[in-house]
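Going by our numbering, the first residue of the sequence shown is number 4, and it counts up by one from there.
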Amino acid sequence: KTGWRFSKEQIPESRFRELREAHRGKDLKFQNSPAEMLVEVYEKLVEPTLIDPVFVTRVPSVIIPLARPCRDDPFFADVYELAINGVEISPGYTELNDPDVQAAQFQRQVGDKDEQQKFDEDFVTALKYGMPPAGGMGLGIDRLIMMLTGAESIRDVILFPLMKPVDKE
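What follows is the structure in structure tokens.
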């Protein structure tokens, strides 16, 4: 749907402008780092087109910073995500257990102040002590029920859709 494949080359700003023009109404911001723009392209333009059950593999590693990069091409992450009807149902990947690579991934992830995620130094320190090869896959039961019932919002199917913090006076 985007007219191009994920590529290792830096995507020029002009290409993001073309995508914004071609996909008006998709609320494309493209105001952040190139990595965040790539995530936005994937989530808003690619993911909704995955109607039939499909496993998405080899996405750019900036999209999933905790996943191990592919051995043959570290630009891509070793992932296997099940998507059905435009929704990621079950993400899975091989865990990244190299502390230096993980620290670099976290640094790349720190971006826009609104979206900024804290650099997890404790996690990187723990990785330095060693972590065996690991992987996993999590099934999103709430998303699966959403798909099966035709619910418009995940809040329609989860048990506690809105939890307000208790005021401490």
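For every residue, glycine included, the Cβ atom is placed at its ideal position computed from N, Cα and C. All figures in this text were calculated on a predicted structure; none of them were measured in a lab.
Does the distance from the C-beta atom of residue i to that of residue j stay below 8 Å?
{"i": "GLU84", "j": "VAL59", "result": "yes"}
{"i": "VAL90", "j": "MET134", "result": "no"}
{"i": "LEU142", "j": "SER93", "result": "yes"}
{"i": "PHE79", "j": "VAL62", "result": "yes"}
{"i": "ASN88", "j": "ILE66", "result": "no"}
{"i": "GLN108", "j": "PRO68", "result": "yes"}
{"i": "LEU31", "j": "LEU41", "result": "no"}
{"i": "PHE126", "j": "GLN110", "result": "no"}
For residue i, which residues from the same chain have a beta carbon less than 7 Å from its beta carbon, with the 5 sequence-adjacent residues on both sides left out?
{"i": "LYS2", "result": "Since the displayed the chain opens at 4 and closes at 172, residue 2 lies outside it and no answer follows."}
{"i": "GLY139", "result": "GLY95"}
{"i": "HIS26", "result": "LEU48"}
Please name the residue in the options whose C-alpha comes closest to that of residue i.
{"i": "ASP145", "options": "ARG20, ARG158, GLU21 and VAL44", "result": "ARG158"}
{"i": "GLU3", "options": "ALA70, ALA86 and THR97", "result": "A query on residue 3 cannot be resolved here, the shown segment of the chain reaching from 4 to 172 and no further."}
Can you list, in chain order, the residues of its chain whose CB lies under 8 Å from that of residue i, leaving out five sequence neighbours each side?
{"i": "ALA70", "result": "SER64, ALA80, ASP81, VAL82, TYR96, THR97, GLU98 and LEU99"}
{"i": "LEU160", "result": "It is Val, not Leu, that sits at residue 160 in the sequence shown. Answer for VAL160: ASP145, ILE148, MET149, THR152 and ALA154, listed in chain order."}
Just mark residue i as buried or exposed, buried being the case when its beta carbon has 16 or more other beta carbons within 10 Å.
{"i": "GLU39", "result": "buried"}
{"i": "PHE19", "result": "buried"}
{"i": "GLU16", "result": "exposed"}
{"i": "GLU43", "result": "buried"}
{"i": "GLU124", "result": "exposed"}
Between residue i and the rest of its own chain, which residues show a CB-CB distance below 6 Å, the 5 nearest in sequence each way excluded?
{"i": "ALA214", "result": "Shown here, the chain extends from 4 to 172; a query on residue 214 therefore has no answer."}
{"i": "ALA106", "result": "VAL127"}
{"i": "ARG76", "result": "Note on identity: in this sequence residue 76 is Asp, with Arg being the wrong assignment. Counting only Cβ-Cβ distances below 6 Å, and skipping sequence neighbours, we find nothing."}
Any heavy atom of the ligand HEM closer than 7 Å to the Cβ of residue i?
{"i": "ILE87", "result": "No copy of the ligand HEM occurs in the structure displayed, which carries no ligand at all."}
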